[in-house]
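**Q** Residue numbers (full-length UniProt numbering): 1 to 284.
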Amino acid sequence: MLGMKLHFFEGLLRERRCQYPMNGVEKEKLLLHRNEKSYFTICAIVSVIGYLYLIISIVGIAVLAVLFLLPLFYHAISMATIRKNGVRLTARQFPEVYERTKDLAVRMGLTVMPDVYVLESGGQLNAFATRFFGRNMVVLYSDMFDLINSGANDELDYVIAHELAHIKRNHIGKHLFILPAMWIPFVGEAYSRACEYTCDRMAAYYTGNPEAAINGLTILAIGKALYRQVDREEYLHQTQQERGFFVWLAEKLSTHPALPNRMQEIHFLFREQVISKTAYPLNG
């Protein structure tokens, strides 16, 4: 079924760029958000300048050590705690989700499947990709993973594929390299937002289901109990009316694009009528 969906969306991507050469490299270019590479280049230049300044400064060497060592130490402790206490997906532990994740990893060209952990989250709906001593990891918060109990398997696949896309694009390593730029307002955030758009695109493509991608983003907006009842057109209209300096500033200082913007981006790329009145008919 997933293979049939991917074949269908190959056609959509081909239609999206008439006579577009759909080899692997060109397909990746199409899925890549237009600003990701340029923003990374800017962040890399800023970071290299920052590194050089710190290296030639006596005080800067200590600052450089603190800048890297303290976050790395804290990260290592946090990830070790997750690996010790979280529930790791295996062929025996939630085997259906494990197999779907493995299938997605293969389709996305990952040579090694990341370890996937489920962690109790106190009601938060979230997931993230990370690394632990060279080992890629995906962490799913339990309230998000609970989508499997409401029949929203496609939406969970989108969430997982989004995190796998971060690994495919090596966003974790790149963010570590451009750490100095991340301390400068607007610069690092712009790159992070472009990365999120790229991962949304890749997740929608490799799952073959942009509708589920839109649903997944709607879940982030209102939760898994009410997302089917959301009038998407009204939601998009509502957010378009929100203007002003602080609205603009909040967006520019955020590492993630506004959810309606992410929905529209997926809709534009696949040219499908996924922005319908509701995610599903209310009587369905």
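Don't be surprised by glycine CBs; every beta carbon is placed ideally from N, CA and C.
Return yes when the Cβ of Ala221 is within less than 7 angstroms of the Cβ of Leu259, no when it is not.
**A** It is a contact, given that the beta carbons lie within the stated cut-off.
**Q** Going by alpha carbons, who is nearest to Leu226 out of Ser38, Asn215, Glu233 and Glu234?
**A** Cα-wise, what sits closest to Leu226 is Asn215.
**Q** With DSSP as the reference, identify every bridge partner of Ala225, one or two as the case may be.
**A** Paired residues: none, contrary to the question.
**Q** Please confirm if the segment 114-126 is in contact with the segment 82-98, defined as three or more CB-CB distances below 8 angstroms between the two stretches.
**A** Yes, the segment 114-126 is in contact with the segment 82-98.
**Q** Taking the alpha carbon of Phe128 as the reference point, which residue from His162, Val106 and Glu36 has its own alpha carbon closest?
**A** The residue with the shortest Cα to Cα distance from Phe128 is His162.
**Q** Give the range of the beta strand (DSSP E) segment to which Leu140 is assigned.
**A** Taken as a continuous stretch (DSSP letters only), the beta strand (DSSP E) holding Leu140 covers Arg135 to Tyr141.
**Q** Rounded to whole angstroms, how far is the Cβ of Glu265 from the Cβ of Tyr197, which I believe are closer than 8 angstroms?
**A** That pair is a contact at about 6 angstroms.
**Q** Among Glu251, His237 and Met263, whose alpha-carbon lies nearest the alpha-carbon of Arg201?
**A** Closest option to Arg201, Cα to Cα, is Met263.
**Q** State the DSSP-derived secondary structure class of Phe186, mapped to helix, strand or coil.
**A** Three-state result, Phe186: coil.
**Q** Taking 6 angstroms as the cut-off, is the CB of Val230 close to at least one heavy atom of the ligand FMN?
**A** Questions concerning the ligand FMN fall outside what the structure shown contains, since it holds no ligand whatsoever.
**Q** Among Thr218, Ile167 and Pro210, whose alpha-carbon lies nearest the alpha-carbon of Cys195?
**A** Measuring from the Cα of Cys195, the nearest candidate turns out to be Ile167.
**Q** Restricting to Cα atoms, I'd like to know which of Pro257, Ile184 and Phe270 is closest to Ile49.
**A** For the residues Pro257, Ile184 and Phe270, the minimum Cα distance to Ile49 belongs to Ile184.
**Q** How is the alpha helix (DSSP H) around Leu176 delimited, first residue to last?
**A** Segment His171 to Phe177, the alpha helix (DSSP H) holding Leu176.
**Q** How about Tyr141 and Asn153: do their beta carbons lie closer than 7 angstroms?
**A** It is not a contact, given that the beta carbons lie outside the stated cut-off.
**Q** Just list the residues that DSSP pairs Arg88 with in beta bridges.
**A** Tyr117, per the DSSP bridge assignment.
**Q** Report yes or no: do three or more beta-carbon pairs, one from the segment 239-247 and one from the segment 171-186, lie closer than 8 angstroms?
**A** No: fewer than three Cβ pairs fall under 8 angstroms.
**Q** Among Phe177, Glu189 and Leu253, whose alpha-carbon lies nearest the alpha-carbon of Pro71?
**A** Of the listed residues, the one whose Cα sits closest to Pro71 is Phe177.
**Q** Just the C-alpha distance for Ala65 and Ala76, rounded to the nearest angstrom, thanks.
**A** Rounded to whole angstroms, Ala65 to Ala76 spans 16 angstroms at the Cα level.
**Q** Quick one: what's Arg131 bridged to in DSSP?
**A** Arg131 is bridged to Asn136.
**Q** Answer with buried or exposed for Ser47, where buried requires no fewer than 16 other C-beta atoms within 10 angstroms of its C-beta.
**A** Ser47 is buried by the Cβ-count criterion.
**Q** With DSSP as the reference, label Tyr280 as helix, strand or coil.
**A** Reliability fails at Tyr280, whose pLDDT of 35 lies under 50, so the model's placement of it is uncertain and the value that follows must be treated cautiously. In the structure shown, Tyr280 sits in coil (DSSP, three-state: anything other than H, G, I, E or B).
**Q** In the structure shown, what three-state DSSP assignment does Leu110 receive?
**A** Correct three-state label for Leu110: coil.
**Q** Count the other CB atoms, across all protein chains shown, that sit within 10 Å of the CB of Gly109; report buried if there are 16 or more and exposed otherwise.
**A** Gly109 comes out exposed.
**Q** Give me the residue from Ile148, Glu36 and Arg135 with the minimum Cα distance to Val97.
**A** Closest by alpha carbon: Ile148.
**Q** Below 8 angstroms on the Cβ atoms is my guess for Val187 versus Cys43; work out the distance and round it to an integer in Å.
**A** About 6 angstroms; that satisfies the 8 angstroms criterion.
**Q** Could you spell out the range, first to last residue, of the alpha helix (DSSP H) harbouring Gly50?
**A** Its alpha helix (DSSP H) spans residues Glu36 to Ile56.
**Q** Would you give the residue range spanned by the alpha helix (DSSP H) that Ile266 belongs to?
**A** Start and end: Leu259 to Phe270.
**Q** So is Lys252 buried or exposed if we call it buried at 16+ other beta carbons inside 10 Å?
**A** With fewer than 16 other Cβ atoms within 10 Å, it is exposed.
**Q** Around the Cβ of Pro95, are there at least 16 other Cβ atoms within 10 angstroms (buried) or fewer (exposed)?
**A** When all chains shown are included, Pro95 counts as exposed.
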